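J.: Residue numbers for the sequence shown follow my numbering, so the first one is 144 and each next one is one higher. We put the beta carbon where it would ideally sit given N, CA and C, even for glycine. As the structure is a computational prediction, the values presented were derived from the model and not from experiment. Supplied in structure tokens, the structure appears directly below.
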Amino acid sequence: MEGVLDHRMRQLLSELNPYDLCVTEFVRVVSQPVSDKVFYRLAPELKRGGKTRNGTPVRVQLLGQDPDWLAHNAARAIELGSPGVDINFGCPAKTVNRSKGGAVLLKEPELIYRIVQAMRQAVPSDQVLSAKIRLGWDCHSRTMEIAQAIESAGANELAIHARTKADGYRAEAIKWAAIAPVAQALSIPVIANGEITDFAAGQRCQQASGCTDLMLGRGALSVPNLAAVVKNDVAPLSWSAIQGVLTEYVALEVSGDKERYFPNRIKQWFGFLRQAYPEADALFGPLRRLKRSEEIIALLEAA
Ligand SMILES: Cc1cc2nc3c(=O)[nH]c(=O)nc-3n(C[C@H](O)[C@H](O)[C@H](O)COP(=O)(O)O)c2cc1C
Numbered sequence: 144m145e146g147v148l149d150h151r152m153r154q155l156l157s158e159l160n161p162y163d164l165c166v167t168e169f170v171r172v173v174s175q176p177v178s179d180k181v182f183y184r185l186a187p188e189l190k191r192g193g194k195t196r197n198g199t200p201v202r203v204q205l206l207g208q209d210p211d212w213l214a215h216n217a218a219r220a221i222e223l224g225s226p227g228v229d230i231n232f233g234c235p236a237k238t239v240n241r242s243k244g245g246a247v248l249l250k251e252p253e254l255i256y257r258i259v260q261a262m263r264q265a266v267p268s269d270q271v272l273s274a275k276i277r278l279g280w281d282c283h284s285r286t287m288e289i290a291q292a293i294e295s296a297g298a299n300e301l302a303i304h305a306r307t308k309a310d311g312y313r314a315e316a317i318k319w320a321a322i323a324p325v326a327q328a329l330s331i332p333v334i335a336n337g338e339i340t341d342f343a344a345g346q347r348c349q350q351a352s353g354c355t356d357l358m359l360g361r362g363a364l365s366v367p368n369l370a371a372v373v374k375n376d377v378a379p380l381s382w383s384a385i386q387g388v389l390t391e392y393v394a395l396e397v398s399g400d401k402e403r404y405f406p407n408r409i410k411q412w413f414g415f416l417r418q419a420y421p422e423a424d425a426l427f428g429p430l431r432r433l434k435r436s437e438e439i440i441a442l443l444e445a446a
């Protein structure tokens with residue numbers, strides 16, 4: 144998740160949870176090669192065989208609209224050690240959609256087909272090529288057409304966020320059942336995503352979508368052990384356990400580039416944590432006003 148789920152968060156969450164796979168924040172592809180520096184910045188795990196410290200695979204995700212450049216950069220991601228490559232057709236951000244990347248491509252299944260086909264030709268056949276979509280741009284009428292285009296172009300996995308672009312992130316718009324006919328029609332694994340916030344929601348999503356495999360989004364940041372909750376029906380971490388996790392996160396950040404990213408990232412994370420923890424909600428106001436890492440760390444320590 145762009146802007147919040149970086150390699151430190153992946154390290155933390157993959158140590159708390161039995162994740163089968165993490166996907167990077169999207170790597171934006173325009174009409175040129177992505178430099179190795181950018182790949183390594185967004186996916187430092189490439190330097191350890193494409194895995195987090197505890198061995199969870201981390202797949203590079205690309206976002207763009209040019210089939211040839213996406214293919215070129217997909218091949219490079221694999222050369223650098225990414226376990227497969229993912230292509231993002233779900234991002235609703237205006238800046239991204241204006242330059243014809245992300246969800247806006249859902250209006251053009253033919254272009255989606257050409258993109259996936261070009262990437263397939265560039266990515267070795269023993270490597271997974273996965274795609275991420277929403278149900279559509281503003282309706283569900285073309286979900287099957289889009290999904291079939293992706294499968295017939297050679298993708299091995301498809302993750303579906305069960306909302307349209309027009310639905311944004313509204314909870315009441317979630318439509319897991321709209322995934323079911325696609326999951327049934329396709330022969331590649333389909334992974335259901337959207338609004339999985341606890342064990343019961345995971346069960347309901349599996350039932351409605353017909354998918355065994357689930358992908359977590361915002362909930363993974365609200366409840367840091369959500370994958371364990373959803374997979375093994377364990378209790379969500381207590382706030383005091385979360386405080387331990389926060390201490391570990393701060394330590395990871397302090398050993399990294401804290402001044403540049405830490406204040407924004409921790410504020411973003413608290414924006415999610417406060418959905419599940421009243422204690423995080425109480426801290427969110429004062430935290431938001433602070434600009435410097437030291438001040439933020441002092442506030443967390445005092446709490
Ligand atoms: C801040 C933010 C950043 C995101 N960045 C990405 C991204 O880089 N790649 C991607 O495939 N999805 C991204 N997503 C979408 C999520 O992966 C997920 O599909 C969506 O939030 C629905 O799942 P949820 O209801 O469990 O959050 C992002 C979502 C949010 C809120």
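#1: Based on Cα-Cα distance, which residue from Phe405, Thr238, Asn336 and Ala371 lies nearest to Ala321?
#2: Hey, is Val373 close to ligand 2, as in C-beta under 7 Å from one of its heavy atoms?
#3: Taking C-alpha atoms, which residue in Ile258, Ala445 and Ser436 lies nearest to Gln386?
#4: Could you round the C-beta distance between Phe427 and Arg417 to whole angstroms and report it? I think they count as a contact, below 8 Å.
#5: Which of the three DSSP states, helix, strand or coil, is assigned to Arg408?
#6: Taking only heavy atoms of ligand 1 into account, decide whether any of them is closer than 7 Å to the Cβ of Leu416.
#7: Could you give the DSSP three-state label for Ser157: helix, strand or coil?
#8: Between Asp95 and Gly360, what straight-line distance do the alpha-carbon atoms span, to the nearest angstrom?
#9: Along the beta strand (DSSP E) that carries Gly279, what are the first and last residues, could you check?
#10: Measure the alpha-carbon distance for Leu254 versus Leu248 and round it to whole angstroms.
#11: CB-CB under 8 Å to Arg263, same chain, minus the five flanking residues each way: which ones, in chain order?
#12: Out of Ala217, Val177 and Asp356, state which residue places its alpha-carbon closest to the alpha-carbon of Ser268.
#13: Mind checking who Glu300 pairs with in its DSSP beta bridge?
#14: With the cut-off set at 8 Å, would you say Ile317 and Leu301 are in Cβ contact?
#15: Would you kindly report the start and end of the unbroken alpha helix (DSSP H) that includes Glu437?
#16: Could you give the uninterrupted runs of the alpha helix (DSSP H) lying entirely in the stretch 228-256, keeping only those of 4 residues or more?
#17: For Ala394, does the count of other Cβ atoms within 10 angstroms reach 16, so buried, or fall short, so exposed?
#18: Could you check the C-alpha separation between Ser383 and Arg257 for me, to the nearest Å?
#19: Check the C-beta distance from Gly193 over to Pro200 and give it rounded, since I have them as a contact under 8 Å.
#20: Give the C-beta separation of Val366 and Ala419 to the nearest angstrom, bearing in mind that I take them to be a contact with Cβ-Cβ under 8 Å.
#21: DSSP state of Gln204, grouped into three classes?
#22: Could you check if Gln204 belongs to the surroundings of ligand 1, using beta carbon to heavy atom distance under 7 Å?
#23: What distance in whole Å lies between the Cβ atoms of Ser352 and Ala326, which are believed to be in contact at a cut-off of 8 Å?
#24: According to DSSP, is Asn368 part of a helix, a strand, or is it coil?
#25: Out of Ile339, Arg202, Val228 and Leu223, which one is the CA nearest neighbour of Leu213?
#26: State the start and end residues of the unbroken beta strand (DSSP E) segment that holds Ile334.
#27: Kindly list the residues whose CB is nearer than 8 Å to the CB of Gly279, restricted to its own chain and excluding five residues on each side of it in sequence; keep chain order.
#28: Given the structure, does Gly233 come close to ligand 1, in the sense that its CB is under 7 Å from one of the ligand's heavy atoms?
#29: So, at 7 Å on beta carbons, what are the nonlocal neighbours of Gly233 in its own chain, with the 5 sequence-adjacent residues on each side left out?
#30: Below 8 Å on the Cβ atoms is my guess for Val147 versus Trp412; work out the distance and round it to an integer in Å.
#31: Measuring only the C-alpha atoms, how far is Ile339 from Ile409?
#32: Considering just the uninterrupted stretch of the alpha helix (DSSP H) at Cys348, what are its terminal residues?
T.: Taking the definition as stated:
#1: Along the sequence shown, one-based indexing puts residue 321 at 178. Residue nearest to Ala321 within the set Phe405, Thr238, Asn336 and Ala371 is Asn336 (criterion: CA-CA distance).
#2: Of the ligands one can find in the structure shown, namely ligand 1, none is ligand 2.
#3: To locate residue 386, count along the sequence shown from 1; it is residue 243. For the options Ile258, Ala445 and Ser436, the alpha carbon positioned closest to that of Gln386 is the one of Ala445.
#4: Against the sequence shown, residue 427 aligns to sequence position 284. Against the sequence shown, residue 417 aligns to sequence position 274. Your pair Phe427 and Arg417 checks out as a contact, with CB atoms roughly 5 Å apart and the cut at 8 Å.
#5: Here residue 408 refers to the residue found at position 265 when the sequence shown is read from its first residue. Correct three-state label for Arg408: helix.
#6: Counting from one through the sequence shown, the residue named residue 416 turns up at place 273. No, since every heavy atom of ligand 1 falls outside the 7 Å radius drawn around the Cβ of Leu416.
#7: The residue given as residue 157 occupies position 14 in the sequence shown. The three-state secondary structure of Ser157, taken from DSSP, is helix.
#8: In this structure the chain extends from 144 to 446, so residue 95 is not present and cannot be described.
#9: Residue mapping note: residue 279 aligns to position 136 of the sequence shown, counting from 1. Going by DSSP, Gly279 is part of the beta strand (DSSP E) stretching over Leu272 to Gly279.
#10: Here residue 254 refers to the residue found at position 111 when the sequence shown is read from its first residue. Here residue 248 refers to the residue found at position 105 when the sequence shown is read from its first residue. Approximately 7 Å, taken between the alpha carbons.
#11: If you number the sequence shown from 1, residue 263 lands on position 120. For Arg263, same chain residues with a beta-carbon under 8 Å away, outside a window of 5 residues either side, are Leu272, Ala296, Gly297 and Ala298 in chain order.
#12: As a first step, residue 268 must be located in the sequence shown, where it is residue number 125. The option with the nearest alpha carbon to Ser268 is Ala217.
#13: For the purposes of this step, residue 300 is identified with residue 157 of the sequence shown, where counting begins at 1. Ser273.
#14: Reading the sequence shown from its first residue, position 174 is the one you call residue 317. Reading the sequence shown from its first residue, position 158 is the one you call residue 301. Between Ile317 and Leu301, the CB-CB gap reaches or exceeds 8 Å.
#15: Reading the sequence shown from its first residue, position 294 is the one you call residue 437. Ser436 to Ala445 is the span of the alpha helix (DSSP H), which, as asked, contains Glu437.
#16: With a minimum length of 4 residues, the continuous alpha helix (DSSP H) runs that stay inside the stretch 228-256 are 237-241.
#17: Residue mapping note: residue 394 aligns to position 251 of the sequence shown, counting from 1. Exposed is the label assigned to Ala394, since fewer than 16 other Cβ atoms lie within 10 Å of its Cβ.
#18: One-based indexing of the sequence shown puts residue 383 at position 240. One-based indexing of the sequence shown puts residue 257 at position 114. Ser383 and Arg257 have their C-alpha atoms spaced approximately 50 Å apart.
#19: For the purposes of this step, residue 193 is taken as the residue at position 50 of the sequence shown. For the purposes of this step, residue 200 is taken as the residue at position 57 of the sequence shown. The pair is a contact, with the Cβ atoms about 6 Å apart (cut-off 8 Å).
#20: Here residue 366 refers to the residue found at position 223 when the sequence shown is read from its first residue. Here residue 419 refers to the residue found at position 276 when the sequence shown is read from its first residue. At roughly 5 Å, the Cβ-Cβ gap stays under 8 Å, so Val366 and Ala419 are in contact.
#21: Stepping through the sequence shown from its first residue, residue 204 is reached at position 61. Correct three-state label for Gln204: strand.
#22: Looking up residue 204 in the sequence shown gives position 61. The answer is yes for Gln204.
#23: By 1-based counting over the sequence shown, the position of residue 326 is 183. By 1-based counting over the sequence shown, the position of residue 352 is 209. That belief holds up - the Cβ atoms of Ala326 and Ser352 are roughly 6 Å apart, short of 8 Å.
#24: Here the question's residue 368 lines up with position 225 in the sequence shown. In this structure, DSSP gives Asn368 a state outside helix and strand, which the three-state scheme calls coil.
#25: Stepping through the sequence shown from its first residue, residue 213 is reached at position 70. Comparing Cα positions, the closest option is Val228.
#26: For this step, residue 334 is matched to residue 191 along the sequence shown. Residue range Val333 to Asn336 is occupied by the beta strand (DSSP E) that includes Ile334.
#27: What you label residue 279 is simply residue 136 of the sequence shown in a count that begins at 1. Within the same chain, Gly279 has close Cβ partners Leu249, Arg285, Thr286, Ile289, Thr307 and Lys308.
#28: As a position in the sequence shown, residue 233 is number 90, starting the count at 1. Yes.
#29: As a first step, residue 233 must be located in the sequence shown, where it is residue number 90. Answer for Gly233: Gly245, Ala246, Lys275, Ile276, Arg277 and His304, listed in chain order.
#30: Stepping through the sequence shown from its first residue, residue 147 is reached at position 4. Stepping through the sequence shown from its first residue, residue 412 is reached at position 269. A Cβ-Cβ separation of about 6 Å places Val147 in contact with Trp412 under the 8 Å criterion.
#31: Translated into the one-based positions of the sequence shown, residue 339 becomes position 196. Translated into the one-based positions of the sequence shown, residue 409 becomes position 266. Using only the alpha carbons, I get a separation of about 22 Å.
#32: Taking the first residue of the sequence shown as position 1, residue 348 is located at position 205. Residues Phe342 to Ser352.
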